[in-house]
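Per this note's numbering, residue 41 is the first one in the sequence shown, and the count goes up by one each step.
What follows is one structure encoded as structure tokens, with my remarks underneath.
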Amino acid sequence: MVPWLASLSLAGFRAAVPDPAAVSTRAIDLHANAHDASHFLLIPQAVITAKSASDVGGLLRASAAQGVPLTFRSGGTSLSGQAVTDGVLVDVRRNFRDIEVLDDGARVRVQSGVTVRALNARLARYGRKFGPDPASEAACTIGGVVANNSSGMNCGTVDNTYRTLESLTVVLPSGTVIDTGAPDAGEKLRTVEPDLYQGLAQLAERVRTNPDSAQRIRQQFSMKNTMGYGLNSLLDFRNPVDIMAHLIIGSEGTLGFVAEAVFRTIPRLQHAAAGLLVFPDLEAANAALPGLVETGAATIELMDALSLKVGQTLKGTPAVVHDIAVRDHAALLVEYSARSAGQLDELQAGGSGILQSLGLSAPAHFTADAKERGQLWQLRKGLYASVAGARPQGTTALLEDIVVPVPVLGRTCRGLIGLFDKYGYSNSVIFGHAKDGNVHFMLTDGFASTSELDRYSAFTEDMVDLVLAEGGSLKAEHGTGRVMAPFVRRQYGDELYDVMRTIKRLFDPAGMLNPGVVMDEDPVAHLRHIKTAPPVAEEVDRCVSCGYCEPVCPSKDITLTPRQRIVTLRAIESARLVGDMALVKELESDYGYESVDSCAVDGMCQTACPVDINTGSLVKRLRKNDAGKLANGAWNAAAKHWEGVTRGAALALTVVDKLPAAVIEPPNKAARAVLGTDTVPLYSAELPGGGSTRKRPAQSGHVDAVYFPACVNTMFGPAVASPEAGGRGVQYSFEQLSARAGITLLVPQGIDGLCCGTPWSSKGMADGQETMKAKTVAALRQATRDGELPIVCDASSCTEGLRHAVESDVPEEGQAPLRIVDAVDFAAEQILPRLPEHQKLQSLALHPTCSSTRMGLNEALGVVAGAVAERVDIPENWGCCAFAGDRGMLHPELTESATARQAAEVVDLNAAAHASCNRTCELGMTRATGSQYRHVLELLEEVTRP
């Protein structure tokens with residue numbers, strides 16, 4: 041038992057926050073939040089969701105008073121173990137998300153829970169961006185960026201967190217809150233924290249008057265360096281407040297909590313050209329770096345020979361890599377960025393001018409074509425995914441980074457490759473930011489047995505010797521964390537290590553803030569608490585817990601994220617393997633709702649996952665396993681009689697629409713209480729009456745396309761029953777638009793009994809899904825003349841469902857594959873060019889759907905929306921609405937949580953109209969905003985009427 045556990049008083053922590061329910065000790069919360077992106081695992085004793093700096097101050101005081109360790113967690117994308125703890129874990133991801141743009145974008149005030157991507161989305165309209173550009177920008181948050189002094193591919197040491205910070209608001213371990221940008225910040229720090237104020241001034245003097253210390257600090261921080269504390273702040277600043285602010289940067293949550301910060305932004309360069317240069321070996325690539333840097337290259341990414349071999353297996357690999365017989369080759373991905381096309385041309389010409397002198401192994405050129413550039417970057421970014429995703433079951437991927445002076449980069453990489461061979465680490469690709477001398481490499485192993493840990497320990501010792509002998513740093517970007525904490529003294533020496541220990545004592549006298557991170561006297565601390573990943577499900581076993589999926593998950597603020605669904609399943613299996621059946625039972629009792637019932641199975645997680653995991657596929661299978669024979673039989677019967685089911689649902693909604701809510705709600709809630717909230721939908725007043733039949737008269741003449749109206753429009757009537765449209769919704773609108781464009785549509789015979797199959801798929805009702813798929817595919821084969829005609833569907837989720845339904849349809853000889861097109865795409869390509877000029881609405885709030893995003897329809901959706909309104913706004917906080925068919929009616933709290941921030945933004949937009957491209961998503965957004973959302977084609981039909 042840890043020594044402080046006996047002193048842990050949850051009552052003290054509950055008293056420190058306004059809402060005691062913010063403190064959780066449920067097993068599922070502890071295990072779901074225990075994992076970050078690193079290879080370490082510690083299980084916290086409690087997880088607390090903080091809402092304000094005041095909350096954090098109270099929690100820090102409680103931690104110090106009890107002697108209980110406390111760690112902050114936001115994005116959880118850190119790779120070195122700095123966001124895990126066996127003490128109290130404070131979640132600051134769900135809150136602290138405010139952004140305030142200052143000076144027309146030149147500066148920005150941002151809270152710690154905001155992701156880099158969200159911040160850049162806000163700054164984009166001003167032509168500005170955040171300086172640091174970490175690869176995890178989609179998920180990492182500003183709190184973590186500050187805590188790790190993040191940089192990235194472009195920013196180097198010029199535009200990183202340290203260099204672009206203007207001020208920050210920090211909560212010190214004592215609970216004191218200091219805004220370093222306030223006019224009285226110095227006086228407040230001196231008065232309220234006199235020991236810290238005086239101690240920092242004395243440390244700065246100590247370092248400045250020691251030539252050896254000053255020289256060593258300048259050498260170490262001339263490179264990217266996140267090893268230990270940022271001692272350069274003791275040389276760069278004299279005011280204790282400024283020293284404090286910059287020591288907080290890169291302190292990995294061990295000195296205080298950053299509630300918000302003000303940064304200077306940098307210009308957003310919108311013109312770019314890239315090229316891939318292949319060299320005979322690493323040394324030749326290294327030798328080319330000075331010349332390329334001199335031409336003004338913004339980014340230079342290195343890939344070693346193994347990287348190129350792995351790259352040859354990826355889809356879309358450029359011919360310059362695919363066609364080469366890789367031996368000792370290395371490549372540099374070089375990109376130029378500019379404010380204007382003319383400036384880019386000049387930079388490109390400079391780069392092209394030196395290519396002949398570089399001794400390349402294959403011809404090279406620079407391209408500004410977006411598609412070609414995308415292929416090059418896919419090669420670079422696909423390396424991690426390819427190696428991590430292909431690792432053996434049950435192993436862990438460990439991603440490291442080091443930095444050395446640029447002139448010795450090639451030699452250092454060669455040394456690393458020698459160590460990989462010596463210790464038998466295969467598939468250890470080397471890639472990274474060559475311009476900065478900073479490379480990453482990956483080790484995959486079990487890291488569990490004595491032999492595996494001994495091998496890793498010996499490798500680490502040799503790697504440390506190699507990097508330090510070259511004058512490098514053991515951490516460039518990823519932070520010291522737990523993985524390099526035992527080696528800080530070796531890198532800096534006794535004197536500067538003692539300075540760091542003094543810094544820690546000045547800020548955190550009790551030593552309770554994230555202990556074991558940045559510094560650790562235990563020489564084998566990096567070998568402890570390494571997590572295992574027992575196989576649990578084929579769909580998700582390759583998960584590396586990076587957390588990239590979390591920002592796009594609609595349940596992230598109410599139950600679990602995809603990463604948490606996976607790691608909790610692993611926790612259940614780990615507990616089962618060691619015979620802890622009490623823990624298994626406790627975790628499983630909450631897993632049903634937290635993971636399965638509240639998952640929208642929207643697949644958005646897959647769009648962000650570097651190893652291409654769709655956690656929704658896992659959830660669908662879990663639902664399938666849980667579905668009993670009775671439910672399966674009922675849904676199979678529904679598939680056989682779908683026309684009656686949909687017409688019955690429409691009739692029920694029409695009747696309900698005419699009744700007072702007081703009549704409906706009591707029996708509805710009673711039914712949910714008896715039959716279950718995952719079985720009986722909850723009535724809500726904004727639901728429309730039922731829709732109309734989909735069938736149309738048969739076409740005997742020429743036909744241009746087969747039209748598959750979605751059955752959801754039969755069950756749910758249109759948002760606006762206008763006299764002109766006769767209340768017919770998107771089917772009427774699409775038919776009218778097609779007629780105006782001279783396009784003849786054929787609706788399949790028996791359409792009212794057909795469906796894309798998504799309701800069965802999402803609920804795991806396999807028998808009914810197969811029944812419906814067989815009916816629908818047969819009808820589409822007949823209607824399309826065996827694939828001759830395209831099939832157009834008017835609801836994006838149904839378009840995606842149809843595409844999945846026809847995947848298993850293997851054309852026989854003489855047949856063509858069935859082609860599914862969304863009505864939005866069809867309208868953008870086939871209808872819009874044939875429509876006359878027309879008057880547009882003033883403004884439109886647009887909601888893309890998860891399906892339109894997954895299928896790549898959003899560009900076409902924007903085109904159609906642009907034909908509807910002069911100004912089209914997609915909220916910055918856009919995301920999946922989580923209505924997910926009937927999920928938003930079964931669990932309305934899910935949609936409420938998923939849409940909360942977007943809805944507030946939509947209300948502020950005060951748009952003339954609101955649109956989407958899927959009926960249930962329109963219902964979800966109508967409920968969330970109070971404004972009627974309609975299919976964008978309904979609005980297009982209205983604004984283009986003759």
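Don't be surprised by glycine CBs; every beta carbon is placed ideally from N, CA and C.
As the structure is a prediction and not an experimental result, all values here were calculated from the model.
Where residue i falls: helix, strand or coil (DSSP)
i, result
"CYS589", "coil"
"LEU372", "strand"
"LEU508", "helix"
"CYS645", "helix"
"CYS921", "coil"
"LYS989", "Here the chain covers residues 41 to 986 and nothing more, so residue 989 does not appear."
"GLU386", "helix"
"MET895", "coil"
"VAL564", "coil"
"ALA907", "helix"
"GLY766", "Because the pLDDT at GLY766 is just 47, under 50, the model does not fix this residue reliably, and the value given afterwards should be weighed accordingly. Three-state result, GLY766: coil."
"GLN882", "strand"
"ILE570", "strand"
"HIS405", "coil"
"GLY192", "strand"
"TYR973", "strand"
"VAL576", "coil"
"SER380", "coil"
C-beta atoms of residue i and residue j nearer than 9 Å
i, j, result
"ALA93", "VAL217", "yes"
"ASN676", "GLY804", "no"
"PHE487", "ILE598", "no"
"LEU236", "PRO280", "yes"
"VAL42", "GLY293", "no"
"ALA437", "LEU483", "yes"
"LEU987", "ILE543", "There is simply no residue 987 to check, as the chain begins at 41 and stops at 986 in what is shown."
"VAL96", "ALA301", "no"
DSSP beta-bridge partners of residue i
i, result
"ASN478", "VAL443 and HIS473"
"GLU140", "ARG149"
"LYS169", "ILE306"
Beta-carbon contacts of residue i that lie in its chain and below 8 Å, excluding the five residues immediately before and after
i, result
"ALA425", "PRO650, VAL651 and ASP652"
"GLU945", "PRO915, GLU916 and ASN917"
"ALA952", "LEU881, GLN882, SER883, LEU884 and ALA909"
"GLY716", "none"
"PRO574", "GLY434, ARG610, GLU613, SER614 and LEU617"
"PRO563", "PRO526"
Beta-carbon separation (whole angstroms), residue i vs residue j, contact threshold 8 Å
i, j, result
"ILE182", "VAL150", "5 Å"
"LEU567", "TYR496", "7 Å"
"PHE923", "ILE831", "Their Cβ separation, rounded to whole angstroms, is 24 Å, which puts PHE923 and ILE831 out of contact at 8 Å."
"GLY107", "ALA550", "7 Å"
"SER489", "GLN260", "Going by Cβ atoms, the distance from SER489 to GLN260 rounds to 36 Å, so no, they are not a contact pair."
"ALA269", "LEU240", "Checking the sequence shown, residue 269 turns out to be Tyr, not Ala. That pair is no contact at about 12 Å."
"SER120", "THR500", "Not confirmed; about 13 Å, so no contact."
"VAL817", "VAL846", "6 Å"
"ALA325", "LEU372", "5 Å"
"PRO728", "PRO758", "7 Å"
"PRO330", "SER401", "Contact doesn't hold; Cβ gap of about 19 Å is too wide."
Same chain, Cβ closer than 7 Å to residue i, neighbours up to 5 away in sequence not counted
i, result
"ARG66", "ASP630"
"TYR166", "VAL141, ASP144 and GLY145"
"ALA123", "ASP76, THR111, ARG113 and GLY116"
"ARG712", "VAL720 and LEU722"
"LYS228", "ILE218"
"GLY925", "THR798, PRO799, SER802 and THR960"
"PRO307", "GLY167, ARG168 and ARG379"
Contact with chain C by residue i, beta-carbon distance below 9 Å
i, result
"PRO445", "The structure shown has no chain C; it contains just one protein chain."
Close Cβ partners of residue i (< 6 Å) along its chain, the five nearest in sequence each way excluded
i, result
"VAL232", "THR216"
"ALA765", "The predicted position of ALA765 is uncertain, since its pLDDT is 46 and thus under 50; a value taken from the coordinates is nonetheless stated next. Excluding positions up to five away in sequence, the list reads TYR772."
"PRO876", "none"
"ARG101", "GLY215"
"VAL861", "PRO830 and VAL832"
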